[in-house]
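Enquirer: I'd like to ask you about the structure that follows.
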Amino acid sequence: MQLFDRPSATPRVAARPARAGAFDLRGHSQHADRAFRWIALGAAAVVLVVLALIAITMTDRARPVLGRMGLGFFTTTTWSVPTNTYGALGFIFGTLYTAAIAIAIAVPISFGVALFVTQAAPRWLRKPLVYAIDLLAVVPSVVFGLWGLLVLEPALGLQSSFLTAGVILAIMITPIITSLSREVIETTPTTDKEAALALGATRWEMITAAVWPHSKGGLVGAVMLGLGRAMGETIAATLVIGNTVHVTGNPFAPGYSMPTVIANEFGEAEPLHKSALIALAVTLFLITIAVNLAATAIVQRSLRRSGGK
Amino acid sequence: MTAPDLRARRSWRSVQDRLVTGLMIAAVVAVFVPLVAVLVSLIARGGGIVLDSFPAFFTEEVPRFSRREGPGMGPAVIGTLLATAAATAMAVPLGVLGAIYLHEYGGRGRFARLVRFMATVMTGVPSIVMGLFIYILWTIRFGFSAFGGALALACLMLPVVIGASEQMLRLVPNHLREASYALGATRSRTILTVVLPAALPGIVSGCLLAVARAAGETAPLLFAVGAAKAFNWSVLDEANTALSMQIFSNAMDVPAAQDRAWGAALTLVLLTFLLTLTARLVTGRFALKR
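Protein chains in written order, with the working numbering: chain G, 1 to 309; chain E, 1 to 290.
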């Protein structure tokens with residue numbers, strides 16, 4: 001039973017305040033009112049406090065290694081704990097490379113599914129499909145890592161590499177890209193689509209002529225949000241990436257990435273080593289934030305322009 | 001993209017259309033292959049150990065020597081529940097109150113816009129970064145505990161709860177608020193007795209989804225929870241463990257340990273699915289519709 005879809009019925013919730021004695025109209029509620037406002041404001045401010053703390057504590061702890069390595073931290077690939085040499089380029093490369101593989105696999109599949117669900121699937125099939133894909137989104141990442149390591153790799157005869165990490169990341173970011181693209185595609189005005197169909201266009205021609213021009217901005221944003229997810233994802237990648245620094249285009253080579261090296265080495269690290277790993281975390285943080293903000297801006301602009309939410 | 005040439009021959013165009021529809025269906029199949037494959041592996045390899053030693057798998061401690069075969073994962077179940085519950089107890093009240101401020105008081109003001117923007121930024125913080133942050137802030141001083149993990153999880157949940165709650169508050173029709181003001185209710189009274197009850201099912205459902213995600217997280221717990229193998233019922237004291245961490249550490253271990261990892265994975269997936277399903281039911285039965 002829905003609460004508000006029957007105009008003649010009295011909404012159940014509206015009946016509540018009418019209960020006798022529900023209100024205290026005698027005075028001191030003024031103070032309570034103001035106090036509540038301040039409490040709510042304090043809760044909202046927690047977000048700012050936490051982010052400020054993250055920024056301050058992390059950059060503070062990252063300083064020792066940056067002082068020692070300088071800009072070389074970002075431009076060299078030698079990561080040697082015994083000699084206290086920390087160059088992050090290999091990990092930055094691994095992060096970008098695995099994320100790129102993940103995007104290359106996930107994007108065509110996500111767009112295909114989003115188009116199928118919104119344009120081609122019979123009506124009864126749409127909801128179950130969406131539910132099933134959402135289910136994929138709640139499977140914990142460590143479970144995908146376990147499956148990738150013990151089932152997928154032996155089945156395909158692969159060793160842990162950039163490619164296997166990319167495949168597992170692709171599986172993990174497909175649900176988010178799919179659901180965002182679905183939202184964007186659904187805002188295409190029906191009139192545009194019907195106009196195309198009325199001119200005799202096939203469904204695919206309707207998609208290229210009406211849906212695509214309308215939603216390409218939002219789709220770019222959806223892909224970038226997926227990219228941000230793929231770069232920050234840690235545990236699944238740690239299990240299947242191979243954990244060896246290689247700067248190579250060969251996708252079958254074992255690799256390493258920023259989040260995975262943090263997960264592997266931080267537990268037993270010496271102070272300067274810890275500082276280097278925290279500096280990696282700050283780098284990762286800045287890259288993902290930049291990608292995410294750009295993506296959010298693009299998605300929101302596109303949804304607003306098309307009269308969505 | 002150029003407009004399609006409608007004068008091209010009909011037959012080629014319909015073939016092309018079918019081809020593309022076929023590709024879409026192939027994409028759907030490509031999504032379901034891994035989902036089904038993961039579920040099958042979980043049931044085949046995790047179901048075995050869980051059922052063979054039922055209920056010992058959930059009541060016995062993790063073996064000291066990973067070579068030993070058999071159960072259990074009891075401490076990990078408890079650890080996951082403790083950390084997730086403590087995180088929920090922190091993030092949900094804060095998040096809902098924050099959302100109330102943003103929607104009911106802040107509106108389009110500068111402070112509310114700043115908080116909204118920063119909440120978006122916070123959603124994008126990688127979970128491993130949150131783990132390191134809590135390590136620096138908490139673990140260095142107070143040592144391993146389920147609570148440290150809960151802090152990291154709460155930081156991840158907070159922006160999600162704020163976002164979901166604000167969206168639900170937005171759906172509460174304004175005439176409800178006006179009716180309440182007309183009866184002489186103060187603003188806080190109106191929010192607590194009219195607006196919040198109306199939005200509650202949606203908020204509950206959004207929070208359950210956030211909890212489901214948090215329960216499966218590993219990276220934020222890595223440097224905060226520790227690696228206990230015995231039961232620890234305390235939230236604040238001593239090292240604890242969690243299902244996700246046991247899966248992670250046992251995955252690269254000997255086959256006996258990998259078996260336990262599969263059992264833990266099945267347990268964790270069932271837990272998250274249960275939370276998601278409850279969220280769906282709550283939305284389906286009680287929530288306001290857009």
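Positions of the beta carbon are idealized from the N, C-alpha and C atoms, including for glycine.
On a predicted model such as this, the values are computed, not experimentally measured, just so you know.
State the CB to CB distance for the pair residue 40 of chain G and residue 105 of chain E, rounded to an integer number of angstroms; the pair is presumed to be in contact (CB under 8 Å).
Expert: The pair is a contact, with the Cβ atoms about 6 Å apart (cut-off 8 Å).
Enquirer: Sort G:159, G:290, G:74 and G:112 by Cα distance to residue 21 of chain E and report the nearest one.
Expert: Nearest option by C-alpha distance: G:112.
Enquirer: I need the DSSP call for residue 256 of chain G, collapsed to helix, strand or coil.
Expert: Coil, per DSSP.
Enquirer: Can you give me the C-alpha to C-alpha distance between residue 281 of chain E and residue 89 of chain G, rounded to a whole angstrom?
Expert: The straight-line gap from Cα to Cα measures roughly 47 Å.
Enquirer: Any contact between the region 146-158 of chain E and the region 217-234 of chain E? By contact I mean 3 or more CB pairs, one from each, below 8 Å.
Expert: Yes: the two stretches touch, three or more of their Cβ pairs being nearer than 8 Å.
Enquirer: Could you give the first and the last residue of the continuous alpha helix (DSSP H) run that contains residue 243 of chain G?
Expert: Here residue 243 of chain G belongs to no alpha helix (DSSP H), and DSSP marks it neither H nor E.
Enquirer: Whole angstroms are fine: how far does the CA of residue 177 of chain G sit from the CA of residue 300 of chain G?
Expert: If I take the Cα positions, the gap works out to 15 Å.
Enquirer: With distances taken between CB atoms, is the gap from residue 235 of chain G to residue 123 of chain E smaller than 7 Å?
Expert: For residue 235 of chain G and residue 123 of chain E, no; Cβs fall outside 7 Å.
Enquirer: Measure the alpha-carbon distance for residue 298 of chain G versus residue 292 of chain G and round it to whole angstroms.
Expert: Going from the Cα of residue 298 of chain G to the Cα of residue 292 of chain G covers about 10 Å.
Enquirer: Would residue 158 of chain G pass as a contact of residue 251 of chain E if the rule is Cβ separation under 7 Å?
Expert: In this structure, residue 251 of chain E does not lie closer than 7 Å to residue 158 of chain G by Cβ.
Enquirer: Going along chain E in order, which residues have a C-beta closer than 9 Å to the C-beta of residue 224 of chain G?
Expert: By Cβ distance, chain E contributes nothing, its closest Cβ being about 11 Å from residue 224 of chain G, past 9 Å.
Enquirer: Quick one: measure Cβ to Cβ for residue 211 of chain E and residue 84 of chain E, integer angstroms, because I've assumed they're closer than 8 Å.
Expert: Between residue 84 of chain E and residue 211 of chain E the Cβ distance is about 6 Å, and since that is below 8 Å, they are a contact.
Enquirer: When the distance is taken between beta carbons, is residue 275 of chain G closer than 7 Å to residue 65 of chain G?
Expert: Closer than 7 Å, so yes.
Enquirer: Check each residue of the region 197-216 of chain E: if its Cβ is closer than 7 Å to any Cβ of chain C, include it; give the result in chain order.
Expert: Judged by its chain identifiers, the structure shown contains no chain C, and its protein chains are G and E.
Enquirer: Does the beta carbon of residue 12 of chain E sit closer than 7 Å to a beta carbon anywhere in chain G?
Expert: No, because no Cβ of chain G sits closer than 7 Å to the Cβ of residue 12 of chain E.
Enquirer: What does residue 57 of chain E touch in chain G if you count any residue whose Cβ is under 8 Å from its own?
Expert: Neighbours of residue 57 of chain E on chain G: none; closest Cβ ~17 Å, over 8 Å.
Enquirer: CA-CA distance, residue 220 of chain E and residue 130 of chain E?
Expert: Roughly 6 Å between the two C-alpha positions.
Enquirer: So with Cβ pairs under 7 Å, would you call residue 91 of chain G a contact of chain E?
Expert: It does not; no Cβ of chain E falls within 7 Å.
Enquirer: Does the contact criterion of 3 or more C-beta pairs under 8 Å hold for the region 65-82 of chain E versus the region 230-237 of chain E?
Expert: Short answer: they touch.
Enquirer: Are there 16 or more other CB atoms within 10 angstroms of the CB of residue 259 of chain G, so buried, or fewer, so exposed?
Expert: Burial call: buried.
Enquirer: When DSSP builds the beta bridges, which residues end up paired with residue 79 of chain G?
Expert: According to DSSP, which records beta bridges pairwise, residue 79 of chain G is partnered with G:86.
Enquirer: Please name the residue in G:174, G:245 and G:76 whose C-alpha comes closest to that of residue 134 of chain G.
Expert: Of the candidates G:174, G:245 and G:76, the one whose C-alpha sits nearest the C-alpha of residue 134 of chain G is G:174.
Enquirer: Is the beta carbon of residue 199 of chain E closer than 7 Å to that of residue 168 of chain E?
Expert: Yes, the pair counts as a contact, with Cβ atoms nearer than the cut-off.
Enquirer: Could you tell me whether the region 177-195 of chain G touches the region 148-163 of chain G, where touching means 3 or more Cβ pairs closer than 8 Å?
Expert: Flag = no, the region 177-195 of chain G and the region 148-163 of chain G do not touch.
Enquirer: Please work out which residues of its chain come closer than 7 Å, Cβ to Cβ, to residue 26 of chain G, disregarding the five sequence neighbours upstream and downstream, and give them in chain order.
Expert: Unreliable placement is indicated for residue 26 of chain G, whose pLDDT of 48 sits below 50; the coordinate value is still reported in the next sentence. Closer than 7 Å at Cβ, skipping near neighbours: no residue.
Enquirer: Quick one: list the residues of chain G neighbouring residue 248 of chain E, beta-carbon separation under 9 Å, in chain order.
Expert: Within chain G, the residues near residue 248 of chain E are 142, 145, 146, 235, 238, 239 and 263.
Enquirer: Mind listing which residues of the region 50-80 of chain E have their C-beta closer than 8 Å to chain G's C-betas, in chain order?
Expert: Answer in chain order: no residues at all.
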